[in-house]
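Q: I have a structure I would like to understand better, so I am pasting it below and will then ask my questions one at a time.
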Amino acid sequence: MKKRMVKSIKSNLLRICFLNLLGLLLLPGTDVKAQQQPGWDTIKTSQIRFFCSIRDFTGLYIDSTEKAEKEQIRNLPSLQAVTENYEKRIPSYFVGKPIFLQFTLFNDADTASTVYFLPGFYFEDIDLYRYNNQTKELEPAPEYPGEGIFNPNVISKLILQPGETSTYVTKLSFIKTTINTITPTLSFGYFLPTLLSEVQNQRKINTIITFLVCGIMLMMIFYSLAEFYINRNRVFLYYSAYAILLGIMFFFKAFLYKTPTPSNYFFESYFDFMLQAGGTLFYFMFLRKFTQSAVEFPILNKVLLIQQAITISGMLLFTVLHFFSNKFDFQNLTENIVKYAWSACTIFFIIYALITRHHLLTYLAIGHCFLFLGGLLSLFLINSSYRFNHQLASLMNDSLFWYEMGILFELMFFLIALSYKNRLDISTRAREKERLLMEYEKSAIERKMAILAAKQEERNRISADMHDELGSGVTAIRLMSELAKTKMKDHSLPELERISNSANDLISKMNTIIWTMKNSNDSVDNMIAYVRSYAAEFFDNTEIRCAVEYPDNLPSIEMSGEKRRNVFLCIKEALHNTLKHSQATQVKILFKIGPHLVIQIIDNGIGVKETNMREFSNGLTNMRKRMDTIDGHFNIRDENGTTVTLSIPLQ
26 MKKRMVKSIK SNLLRICFLN LLGLLLLPGT DVKAQQQPGW DTIKTSQIRF
76 FCSIRDFTGL YIDSTEKAEK EQIRNLPSLQ AVTENYEKRI PSYFVGKPIF
126 LQFTLFNDAD TASTVYFLPG FYFEDIDLYR YNNQTKELEP APEYPGEGIF
176 NPNVISKLIL QPGETSTYVT KLSFIKTTIN TITPTLSFGY FLPTLLSEVQ
226 NQRKINTIIT FLVCGIMLMM IFYSLAEFYI NRNRVFLYYS AYAILLGIMF
276 FFKAFLYKTP TPSNYFFESY FDFMLQAGGT LFYFMFLRKF TQSAVEFPIL
326 NKVLLIQQAI TISGMLLFTV LHFFSNKFDF QNLTENIVKY AWSACTIFFI
376 IYALITRHHL LTYLAIGHCF LFLGGLLSLF LINSSYRFNH QLASLMNDSL
426 FWYEMGILFE LMFFLIALSY KNRLDISTRA REKERLLMEY EKSAIERKMA
476 ILAAKQEERN RISADMHDEL GSGVTAIRLM SELAKTKMKD HSLPELERIS
526 NSANDLISKM NTIIWTMKNS NDSVDNMIAY VRSYAAEFFD NTEIRCAVEY
576 PDNLPSIEMS GEKRRNVFLC IKEALHNTLK HSQATQVKIL FKIGPHLVIQ
626 IIDNGIGVKE TNMREFSNGL TNMRKRMDTI DGHFNIRDEN GTTVTLSIPL
676 Q
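Using the numbering used here, the letters of the sequence shown correspond one by one to residues 26 to 676.
Laid out in structure tokens, this is it:
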């Protein structure tokens, strides 16, 4: 017994596989219209090979009042033809209204025949009625429990006895979507899985493209989340939410295509729009943050805020109409108004970018041009019966395909805009870093200047105190020593002479210190004037004639007190050596101004000899050290006398 059962099952499987293969070769199947005259004539079961479309033999009635009684169903008025457009998309006003299909089937075989009736997609409910030839009444068609291998909301099973003729009326209730179709088809049971598979694979190329778009969206999700993790910038979180919601919508559109399940009904009638609207809402939030419209583009920011409010309001109204109303027209109108508002916002964004000519907005606007064209063409295909006649008609007539292409090109130009913005951010950060560095340097210079000003103020105070307090005291000592010498006349003591000389020397040194400390003397011309005054006084009571030569037009060149003091002390030392050791009768002081201040002290004395070099070697060493301290140069040579050269950089 078991062996016979296994053998029977194997033979049936081989038979089904062979018939399926034969059916694939004969697709799209036998056309009854080729064997019947047009009209709603009787369909013979012998004319069905594997499956056939009975569109031209099926009458259609729309119950606009939604109050059709059983008697009215038995005699359906105003039957109309099922046009080719109904196989692509039915008008939105069909949704929510009972739709009736009527056809007559005759079993011309000598055995009972079983066929399956597929009215189309998508239906919340299918009620099948059959005329009783004996009672002449319309009765519900018998159900066949235990054989429900096919979804009863998609397929009805019809059994006819030999020679039996039956007229069937099917009452259909569409789900709330615009992608419903009416495709009345009859098929034998063994071919039905192949037929359903072929129906679901009609948009195979479209599905592959959709999955590719989903993969690209997935990569953008990973990229956005990584950017958010690294930079903690909410703009990437908004974009990832936008990509996630649209990616989920695209995936289920492809994965659940022509799948008559409650989950797909919910998705097609409600959830797909909520995903699209939610993703678009996050995209508006992303645009506002990405372009910094609140600060940079106030008008654009207001428009985007209005679009956010329209989107949220549309989602709420769409939800209320879906769950609490049967008026699909209003629900569909709400969806279309929201989508047209998005299109209007896209047009405004493009025009605004052209007016402002901002590079970032320009890149985004180019992407929005593609998004607008794709979305507009998608809406056109959804809300009209026009279809392209092309080799790739199934692809080009798919509204989702054009929307996906718009999203894809928008994504490409978004990446270009993101690259441009990253470059701007890098340059902005570099400029900000440079600005902070300059501010730091400026504050450091200001602090140094404040310190120098404080030091100089303290120097001025000390020099004033020295002049007022010490100067007056030393001058008093010198005057009293001179008075004492006068009173003692011939009995003058040598100590009084030393006191007077020391006082004079102290006054000279103190005046030099005061002159050095005062910042009002920090210039080359002031130093030359002071040297000339000092030299004239120094050689006043001697036999040496002193001459000072300098440029006629002295430029205003700053020279710090430290430089002035070291240069003057070197000149003073050179003049002292000239008076004490040179045996000269003339001395000349030359000032030359260029990148360096060059000072030459030239006398006509005996010159510098190795025999007398030791006498003032200590003074020469001090002069060289002083010049090294201020980055200057010291030189002494014998040229018909002694020539001392001092060189000080002025920069």
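For glycine and all other residues, C-beta sits at the position ideal for the given N, C-alpha and C.
In angstroms, rounded to a whole number, what distance separates the CA positions of E252 and N258?
A: Looking up residue 252 in the sequence shown gives position 227. Looking up residue 258 in the sequence shown gives position 233. E252 and N258: Cα-Cα distance of roughly 8 Å.
Q: I'd like the list of long-range same chain contacts for R621, defined as Cβ closer than 7 Å, with 5 residues on each side in sequence excluded.
A: Residue 621 sits at position 596 when you count from the first residue of the sequence shown. Per the sequence shown, residue 621 should be read as His rather than Arg. Closer than 7 Å at Cβ, skipping near neighbours: S672, I673, P674 and L675.
Q: Roughly how many angstroms separate the alpha carbons of K327 and F146, rounded to a whole number?
A: In the sequence shown, counting from the first residue as 1, residue 327 sits at position 302. In the sequence shown, counting from the first residue as 1, residue 146 sits at position 121. For K327 and F146, the distance between alpha carbons rounds to 42 Å.
Q: With 7 Å as the threshold, decide whether the Cβ of S191 is near any Cβ in chain B.
A: In summary, chain B is missing from the structure at hand, where a single protein chain is found.
Q: From what residue to what residue does the alpha helix (DSSP H) around Q186 run?
A: On the sequence shown, position 161 is the one that residue 186 refers to. Premise fails: Q186 is in no alpha helix (DSSP H) and is neither H nor E.
Q: Between which two residues does the alpha helix (DSSP H) containing Q333 stretch?
A: Looking up residue 333 in the sequence shown gives position 308. Taken as a continuous stretch (DSSP letters only), the alpha helix (DSSP H) holding Q333 covers P323 to F349.
Q: At a cut of 8 Å, does the stretch 599-608 reach the stretch 622-632 through at least three beta carbon pairs?
A: Enough Cβ pairs lie closer than 8 Å, so yes.
Q: Kindly examine the ligand ATP and report whether one of its heavy atoms sits closer than 6 Å to the Cβ of Q105.
A: Looking at this structure, you won't find the ligand ATP or any other ligand, since it has none at all.
Q: Tell me whether G304 is buried or exposed, calling it buried when 16 or more other Cβ atoms sit within 10 Å of its Cβ.
A: Counted from its first residue, the sequence shown places residue 304 at position 279. Result: buried.
Q: Can you name, in chain order, every residue of its own chain whose Cβ lies under 6 Å from the Cβ of A572, other than the five neighbours on each side?
A: For the purposes of this step, residue 572 is identified with residue 547 of the sequence shown, where counting begins at 1. So the list reads K613, once near-sequence residues are dropped.
Q: Mapping the DSSP letters down to three states, classify K196 as helix, strand or coil.
A: The count along the sequence shown starts at 1 and reaches residue 196 at position 171. Strand.
Q: Would you decide whether I174 is buried or exposed? Buried here means 16 or more other CB atoms lie within 10 Å of its CB.
A: Sequence index remark: in the sequence shown, residue 174 carries index 149 (1-based). At I174 the pLDDT is 49, less than 50, meaning the model places this residue with poor confidence; the figure from the coordinates comes in the next sentence. Label assigned to I174: exposed.
Q: Kindly indicate which three-state DSSP category D81 falls into: helix, strand or coil?
A: Against the sequence shown, residue 81 aligns to sequence position 56. Three-state result, D81: helix.
Q: Please report the straight-line C-alpha distance between L85 and Y156, rounded to a whole angstrom.
A: Counting from one through the sequence shown, the residue named residue 85 turns up at place 60. Counting from one through the sequence shown, the residue named residue 156 turns up at place 131. Roughly 17 Å separates the two Cα atoms.
Q: Residues bridged to N660 by DSSP?
A: Residue 660 sits at position 635 when you count from the first residue of the sequence shown. Its beta-bridge partners are T670.
Q: For H606, count neighbouring C-beta atoms within 10 Å of its own C-beta (all shown protein chains included) and say buried if the count is 16 or more, exposed if not.
A: As a first step, residue 606 must be located in the sequence shown, where it is residue number 581. By the neighbour-count rule (16 or more Cβ atoms within 10 Å), H606 is buried.
Q: So, L183 versus F213, is the Cβ gap smaller than 7 Å?
A: Counting from one through the sequence shown, the residue named residue 183 turns up at place 158. Counting from one through the sequence shown, the residue named residue 213 turns up at place 188. No. Outside cutoff.
Q: Compute the beta-carbon to beta-carbon distance between E189 and N132, rounded to the nearest angstrom, for a pair I have assumed lies under 8 Å.
A: The residue given as residue 189 occupies position 164 in the sequence shown. The residue given as residue 132 occupies position 107 in the sequence shown. Right, their Cβ atoms sit about 5 Å apart.
Q: Following the continuous alpha helix (DSSP H) through A599, name the residue where it begins and the one where it ends.
A: To locate residue 599, count along the sequence shown from 1; it is residue 574. Note, A599: alpha helix (DSSP H), G586 to N602.
Q: For the beta strand (DSSP E) that contains V679, what are its first and last residues?
A: There is simply no residue 679 to check, as the chain begins at 26 and stops at 676 in what is shown.
Q: Classify I68 as helix, strand or coil using the three-state DSSP reduction.
A: For the purposes of this step, residue 68 is taken as the residue at position 43 of the sequence shown. Three-state result, I68: strand.
Q: Relative to the alpha-carbon of L237, which residue among Q301, I432 and Q356 has its alpha-carbon at the smallest distance?
A: What you label residue 237 is simply residue 212 of the sequence shown in a count that begins at 1. L237 has its Cα closest to that of I432, out of Q301, I432 and Q356.
Q: Restricting to Cα atoms, I'd like to know which of F125, C394, N546 and R454 is closest to K196.
A: As a working note, residue 196 is residue 171 in the sequence shown. Of the listed residues, the one whose Cα sits closest to K196 is F125.
Q: Determine the DSSP secondary structure at Y86, reduced to helix, strand or coil.
A: As a first step, residue 86 must be located in the sequence shown, where it is residue number 61. Correct three-state label for Y86: strand.
Q: Measure the C-alpha to C-alpha separation of I151 and K446 and round it to an integer number of angstroms.
A: What you label residue 151 is simply residue 126 of the sequence shown in a count that begins at 1. What you label residue 446 is simply residue 421 of the sequence shown in a count that begins at 1. Each residue's Cα considered, the two are about 56 Å apart.
Q: Buried or exposed for K480, going by 16 or more other Cβ atoms inside 10 Å?
A: Taking the sequence shown and counting its residues from 1, the one referred to as residue 480 is at position 455. Exposed, because fewer than 16 other Cβ atoms sit within 10 Å of the Cβ of K480.
Q: Quick check on this structure: which residue in I631, V592, I618 and Q608 has the alpha carbon closest to the alpha carbon of Y657?
A: Counting from 1 along the sequence shown, the entry for residue 657 is found at position 632. It is worth fixing the name first, because residue 657 is Gly in this sequence and not Tyr. Minimum Cα distance to G657 is reached at V592.
Q: Count the other CB atoms, across all protein chains shown, that sit within 10 Å of the CB of K473; report buried if there are 16 or more and exposed otherwise.
A: In the sequence shown, residue 473 corresponds to position 448, counting from 1. Answer is exposed; the Cβ neighbour count stays below 16.
Q: For L579, which of helix, strand or coil comes out of DSSP?
A: Counting from one through the sequence shown, the residue named residue 579 turns up at place 554. Three-state result, L579: coil.
Q: Using the beta-carbon count (16 or more within 10 Å), is N205 buried or exposed?
A: Stepping through the sequence shown from its first residue, residue 205 is reached at position 180. Result: buried.
Q: Can you give the Cα-Cα distance for G240 and K458, rounded to whole angstroms?
A: In the sequence shown, counting from the first residue as 1, residue 240 sits at position 215. In the sequence shown, counting from the first residue as 1, residue 458 sits at position 433. Cα to Cα, G240 sits roughly 39 Å from K458.
Q: Is F128 buried or exposed, if buried means 16 or more other CB atoms sit within 10 Å of its CB?
A: On the sequence shown, position 103 is the one that residue 128 refers to. Buried.
Q: Taking all protein chains shown into account, decide if S265 is buried (16 or more other Cβ within 10 angstroms of its Cβ) or exposed.
A: Residue 265 sits at position 240 when you count from the first residue of the sequence shown. Buried, since its Cβ has 16 or more Cβ neighbours within 10 Å.
Q: Checking the sheet assignment: what are the DSSP bridge partners for I207?
A: As a position in the sequence shown, residue 207 is number 182, starting the count at 1. DSSP lists G145 as partners of I207.
Q: Within 10 angstroms of the Cβ of D81, are there 16 or more other Cβ atoms? Answer buried if so, exposed if not.
A: Numbered from its first residue, the sequence shown carries residue 81 at position 56. Answer is buried; the Cβ neighbour count reaches 16.
Q: In this structure, does DSSP put V140 in helix, strand or coil?
A: Translated into positions along the sequence shown, residue 140 becomes position 115. The answer is strand: DSSP assigns V140 an E or B state.
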